[in-house]
Amino acid sequence: MLMLAKTSYAALRDTTVTRSANTADWITGTVVNQDNRTLKDVKVYVNDSTTFVKTDEYGHFGVKAPAGTVLFFKAKDYNSTQVTVKDTAAITVRLLDTYLKSPHMIDVLYGSQSAESEVGAVSTIYTNQLTTTPASLYVYALPGQLPGLYTEQKSGFTSFSTTALFTNGFGQNFINASSQNNRSSDNSEFNITLRGQVPITIIDGVQREISSIDPESIESITVLKDALSTMLLGINSSRGVLLVTTKKAEEGKPRISFTAETGIQQSLSLPTPLSAYQYSYLYNEALNNDGQPPFYTAADFDAYKNHTDPIGHPDVNWFNTILRKNAPETAYKLNVDGGSRIAKYTVGLSYYDQSGIFNTAPGAAYNTNNDLNRYIINSDVSVQVNKNLSVDLQLFGRVEQTREPGGGEANILNLLYNTPNNAYPVYNPNGSFGGSNLGSAYNNNLLAMTEFSGYIQNNTNDILANLDLNYNLNSVTKGLTLKLKGNLSYQSENSLDRSLQNSSYLFNKDSTYTAIGKTISESNLFTTLYTARQSFGQASLNYNRQFGKSNFSGLLLYDTKSLVSNYDLSAVTTDRALKGAYNYDGKYFVEAVVNSSGYNRYTPGKQYGLFYAGGLGWQMGKESFIKDNFDWITSWKWRGTYGTTGNNNVDTYSYYGYVQTYSGSNVNYSYYTGTGRNEQFTVYDNSLANPYLSWEKAHKLDFGTDISLFKDHLQITADYYHDKYYDLLQQRGATIALLGTAYPYENIGVDLYKGFEFSATYNNNIDKLNYFITGNFSTQASKVIYSDEETPLYPWNAHTGLPVNAMFGYEAEGFYGPNATNTPTFSGYTPKAGDVKLKDLNGDGVINQFDEAPIGNLKPLMFYGASLGINYQGFSISVILQGVLNRTVSVDNSEYQPFAGLGFLGSAPQGQAYQDATARWTPETASTAQLPELSFLNEKFGSGYNTAFSSFWLRNGDYIRLKNAEIGYTLPYSIARKLKFSNIRVFVNGENLYTIAGFKGQDPEVNLSDGDPYPIQRVFNAGISVKL
Amino acid sequence: MKNYKNKILIGIGLITLVAAAACRKSEKFPVDKVSGIYIFDPRDSAGTQALKYLLNVYSVVEIGHNRVGGDYLDAASDDAVSSSPGGQVTILATAGYTAIDLPANENVWSSTNSTNTANYWNGIRSATEFMAGIDVVPVKDFVAPNGKINGIGVSTRYIWRNEARLLRAYFYFELVKRFGGVPLLGDKVYNVNDNIALPRSSFADCISYIVSECDKAKDSLITAPLINPAQDNYRVTQGAAMALKAKVLLYAASPAFNNPSGGNSNPLTGYPSYSASRWQLAATAASQLMAIGNYSLDPNFKNIFLTQNDPEVIMVRTANGTNPSNNVESNNGPVGFGSAVAQGRTSPTQELVDSYPMSNGLPITDPNSGYDPNNPYNNRDGRFYATILYNGAPWLGTTLQTYEGGISKPNNGQTETLTSYYMCKFMGPQTTSNFQGHDEDWVIFRYAEIKLDFAEARNETDGPVDSVYQQLKDLRLRAGIAPGADNMYGLTVGMTKDQMRAVIQNERRIEMAFEEQRYFDIRRWGIASTVMNQPLMGMSITNSNGNLTYNLIQVLQPKFVAPKMNVYPIPYDEVLKNPAIGQAHQNPGWSF
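If you read the protein sequences in the order shown, they are chains A and B. For the first sequence, the positions run -18 to 1009 when the working numbering is used. For the second sequence, the positions run 11 to 602 when the working numbering is used.
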């Protein structure tokens, strides 16, 4: 059959589109993909025979198939399809990509390698798993899809800044904070950890913290989880890597694809504020509890209840007033690629626009709403200069503008959460903005802040140029190549503040107006927030050669990266690495890397460390005892890696901290001399120098297996990891005051992270119905092994031995009843009926630091995800589910505590209260109460007893989300061709569609105490994608 | 093949060339970071940066005004109570503290506060670091107009070094008087890997060390009167070194640390054996300072605290702020004045008021004193009027009303005096309706204290000899007490040593009220267990159509546990963190 296909090729070549004259039941055809490019090696079955022909390198096939026979087309990573032969006309069959892929070659750090030779723990998702998620960042598509990767969405919009990230000054430190080595990350919406550590993002071989690349131009996202896979990063190898590989040009005629999509966003889990009537009622109740006279009269109650006096007794739901229900987002993406064997090119352009949740004034001359507006251009040209040298030039640019209302998004949200419905009316009778003199928080009208206060704009610009040279040194020895990489990038962030402020007015009882707050005319302030230049150079010598059954590969690598941000001295990281791998017959694998890696901000002479890792693999599936006995086992590989890694986070704690430094010119540090009382600025020690400062280290072990069964239909991967992080930078416990100065960070702590990751995928087809289901499950346990803590007086005070980040606080057990006796005191306050009952663990009659114990869930964190979907004749459905177990959240925040937020004056409306406040403790509702007795006393709320961090405020944080779903339809090939397109697809998808959570008071992922974050959004999106 | 090799060679050559060109000299350490070489700079002939560092050492010295949680430390003694009870001084007065929660402003061992980086250990480190670093700074000698180099013929660098030494000794004393023996760190600047878990030195060793440091420093310091007060009035002088020595020796000789009955057996909190000669050392130290003749009593008692470079002042901590201010008034002045708003934080007790004699020098309990309980504030010691505001006292151009319901005791729920008295020491005369600003430097040593130190020590060694009487007469003369016909200023002739001791203790109380003396004096004299275990009283004055009735009322029940509370506990954390101290070397009676 195969022979036949080959022999017939010459004859077919000129006659592909015409009826074959000589054989009536001979059918020929072409198989193409959705880009209308031919596919080779597609298996073509006739009816349900077990034999097949494969398409040739032009995608052609020819089989003997009389009319009425059914041809089955199957190829790896493509949905199977079938065609009934009608006549002998040549046919063109299009195969659509599968949602999941498992290609032969996988991306690893600085290259790619065959999946079967991989011995580390890596997981990958591909384009189709990313493009169903309509969002500003590709990070939105990650939850639930990669085992070991834990995500928490903390906000629904990017953050803003108006002040320079670092201010220069005499002796001031600039500290690289959260994102090591690359300060300016554009991801302010997700917390991501990989096996408990924040991963480093590497895009096309260069570390860049950019999360806003168009998912359609991303080929794959891989997480590298073990020591061996990340070892080429040397001093930065501890934390795991999020490896993003963008699509490269493919040879062929130009293919152009264009996608347009638009969606609406809806805020999730906004709280329900109390009506003014309920608010005033509970307000008086709280005053009454405190023994204070009521603030609101019966007439006030009537006015609030019946809304008879909207100016004097307003009842404004500010959420409905300044927020809109739906906000649009739009994206356009254009990708072009093509080229010849000599030169290939790809150009990607994308535009993304996300609107915010704020209302805008109809007549406004400019947009005041939150807005994210972004253009990205990415181009890549690769030229095969001669048979040995190829050059690849990539240029990437990002131009982004984000805008917030002049009142400041964070500021507005904070006031929105904390302003009661009856604080002030929106407008006064004369049309001026309402305001209140009862507190400074109410002197700037929320509506005015949102819609009439100008705007603040952040501009972020990135450019990046990447040059790769590949030189084939086969002439020196076979299998040797030289790669040179040079990369320059520049980033700048600035802020344009064109905000203003309006006066608001209090409408007095005698119908006069009192101006509240002041008018500030529009400013025009330009601030440079951040600039960074990064250069990266890498040279590597690669060797890969097969000798009989033995395969050797080796790598000699040198790279250096220099980052200059703002006025810092350049931060230079250097790696000098050697890698060797050997495998025998694809059965036995061994691989090792050593890396001498260093950073220039350590004590001279102590800047370099040696990092190393090794791995072993065994393809058990190829052994005869498997192969010969279990034909349903396609492959079964065991693998393990171990290594010593580094985490270069010294800049988080100090800047050149190895030399003692001094500071001055601080107001608290002046002295007045002479009879003239001259102010003299003094100079004082910064924290003590630590010349022994070093990077954090880890011993990381990973052991895993990959099993493939039933002709690759079922694939199972399981991993166990045991990562011991040591030399963690911490302050010593024995900070003895005799030293007389602040202790520096030292390499002290030891933390253990261990866990288990499991994923299974099944995909198959029933005739034209292709389906898949994949799921992954991860556990993550952590333990503080050593933290040099003070010897605890009581065993429950100890942190050592507990999970890292275990919550510590008081243990609560309900409320005190009316007849409580011998109640332990708290900072001199004796709790009363209706107060939270905190346990006095040491029984000394006082609630203090000795009664703090671990609270919340101490069991290992578990998280999971599942995707499933079908594809039937171009019609596709996919869904992603994501969930977390053993998670605890705290609601100890001013949105959950009634009347909290703005202060506790007790004599004026202060703070907002929400529906949950109705479940407060009263003598009648003592058994069902959810909150303590209402009070304005500082010793009870505020910084006081009831709001002290205790298990009372902890809630179950488990949840499961329908994170993403998509329904798509790809028009039949014939129709698309008639319309002169190679592919047309329409789709609707959505994000954060449905959530089941253990606690319903607020969104399970969003921490409201974290600065009143922008609510996360549910998105419904629809679009069309066409390919020419 | 060969062709390629050449190309490769050329390529490598080019890369090397570019790399070499790129290898320009770069900054290895950020010059914007101020490292030690910048502070102690061998090229800084003016010592500008080094002086800034020395001023940092100076700034560790605390200002006593409303220092402890907004109150004077004396409000934790029997002299006053806080008008806003519940704060740190109330905790101190009622023995409400433990090793865990020593009130922050008195935890000079380990707490950090808002105005300084930390505590006296910080000061000790900074002083030592200064002493270790200053030698490389080529500070030129300052030649005074009279040709003397800073008055005493040594270089500025050397003077600075000894200023740091004296300040360090002062910081040690502030620790020792509160905690007993502390670890002595010497001249070593401890770094991150040095073992700082050092044991406590004995009380005796600490006293010897502080005294020897004072001796080392004293002859290398500038002397009073200052040649250039406009520049130097903040600096510690020879007199300060001698005053500190006198005070340290006086404390060391006192009963709490030097119990004649031999009851103090713990070497960390006192001398294991009694020696009467310690009084002699104290008396000699005080007399040496008196002998140099550089200081004199300011005839105007009030001016000591209001003017700079006063002849009586020996050591001063300059106030913060460039302009004259009235923080003392606004914190402690009587309430009820709209034009001069004040908090009235400090309520002097009836006990303090009653300890002031009459203007004839006789105590109010003396039948001949002329004291009228119905007109109790008439004809009292001048220091009474300079220290206490009472009902009817002139204030802000009017007379003060502290009777119940009066302007300055309105009983409206706001902070106000609890005793009908307000403190007015350190305040200006305030004769107009608005506060007038003045200097508010905190006086640490003044000549009157030296005279009292001498009198106390000399009385213990030799009994009430003439020179003891003379000190009291000098102070009483300055206080405006009439010499009387016998020229004894109300003092009884021929007192016994014990009688004289009681008189000196009372004299010290009224002379030095609110100067952070009484709180420690009652401890070292061993009388705290008496005076701090009985109710503290105030006056409740009722005004019935101008007829005033005076009723004693209790304002606070203080508490003191002797001898445990003669010293503070070492903060619990520090005991725990430092195995060389450990619970075994905690002060007696304290667990946590």
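Yeah, the Cβ is synthetic: ideal placement off N, Cα and C, and Gly gets one too.
Using a 10 angstroms sphere on the CB of Ser605(A), the tally of other CB atoms stays under 16, which defines it as exposed. Excluding five sequence positions before and after Ala292(B), the CB atoms of its chain that fall closer than 6 Å to its own CB belong to Leu259, Leu260, Ala263 and Ala467, given in chain order.
For the options Tyr583(A), Thr112(A), Asp443(A) and Leu77(A), the alpha carbon positioned closest to that of Tyr313(A) is the one of Thr112(A). Nearest neighbour of Asn217(A) by Cα position, chosen from Pro180(A), Tyr91(A) and Glu792(A), turns out to be Pro180(A). Listed along chain A, the residues sitting closer than 7 Å to Lys62(B) by beta-carbon distance are Gly645, Gln661, Phe662, Thr663 and Val664. Shown here, Leu428(A) sits in a helix according to DSSP, grouped into three states. In this model, Ile323(A) and Val364(A) are separated by some 6 Å (Cα to Cα).
Following the DSSP letters along the chain, one finds Val575(A) inside the beta strand (DSSP E) bounded by residues Tyr569 to Tyr580.
With contacts defined by Cβ atoms closer than 8 Å, Asn440(A) and Pro386(A) do not form a contacting pair. A straight-line Cα-Cα distance of about 11 Å links Asp583(B) and Pro589(B).
Around the beta-carbon of Gln188(A), 16 or more other beta-carbon atoms lie within 10 Å, marking it buried. For Trp777(A), DSSP records no beta bridge to any residue.
As DSSP reads the structure, Tyr563(A) sits in a beta bridge with Phe533(A) and Val571(A).
Around Ile454(B), no beta-carbon contact reaches into chain A at under 9 Å, the shortest distance being about 15 Å.
Put simply, the CB of Gly655(A) is near chain B, with a gap under 8 Å to one of its CB atoms. Taking each of Leu81(A), Ile87(A), Ser210(A) and Asn270(A) in turn and checking the Cα distance to Pro913(A), the smallest one comes out for Asn270(A). Residue ranges of uninterrupted alpha helix (DSSP H) with 4 or more members, entirely inside the stretch 227 to 299 of chain B and ordered along the chain, are 239 to 242 and 248 to 263.
Counting only residues of its own chain and dropping the five nearest sequence neighbours on each side, Asp687(A) has a CB closer than 6 Å to the CB of Lys618 and Thr698. The beta carbon of Trp170(B) sits no closer than 8 Å to any beta carbon of chain A. For the set Asn388(B), Val565(B) and Asn561(B), the Cα lying nearest the Cα of Ser550(B) is the one of Asn561(B). The alpha-carbon separation between Thr928(A) and Asn301(A) amounts to approximately 29 Å. Counting only the Cα atoms, Ala329(B) lies some 39 Å from Asn425(A). Annotation: Cβ neighbours of Gln641(A) in chain B (cutoff 7 Å, chain order): Ser45 and Gly46.
Distance from the CA of Ser98(A) to the CA of Arg18(A), rounded to the nearest whole angstrom, comes to 30 Å. Contact of Asn418(A) with chain B is not assigned, every C-beta pair being separated by 8 Å or more.
Under the Cβ criterion of 8 Å, Ser94(B) is not counted among the residues facing chain A. Chain A places no beta carbon closer than 8 Å to that of Tyr400(B), leaving this residue out of the contacts.
Contact annotation: Leu209(A) and Glu738(A) have beta-carbon atoms that are not nearer than 8 Å. In this structure, Trp452(B) lies away from Pro265(B), with their beta-carbon atoms at least 8 Å apart.
Burial of Val78(B) is indicated by the presence of at least 16 other C-beta atoms within 10 angstroms of its C-beta. Assignment of Asp463(B) by DSSP, reduced to helix, strand and coil, places it in the helix class.
Classified as buried, Asn778(A) has 16 or more neighbouring CB atoms from the shown chains inside 10 Å of its CB. The closest CA to that of Asn786(A), considering only Asn744(A), Thr431(A) and Asp732(A), is found on Asp732(A).
Under a criterion of Cβ atoms nearer than 8 Å, the residues of chain B adjacent to Asn671(A) are, in order, Val202. In the DSSP annotation of this structure, the continuous segment of the beta strand (DSSP E) that includes Lys1008(A) starts and ends at Gln998 to Lys1008. Annotation for Val817(A): Ala793, Pro913, Asn927 and Phe933 place their beta carbon closer than 6 Å to its own, counting only its chain and skipping 5 residues before and after.
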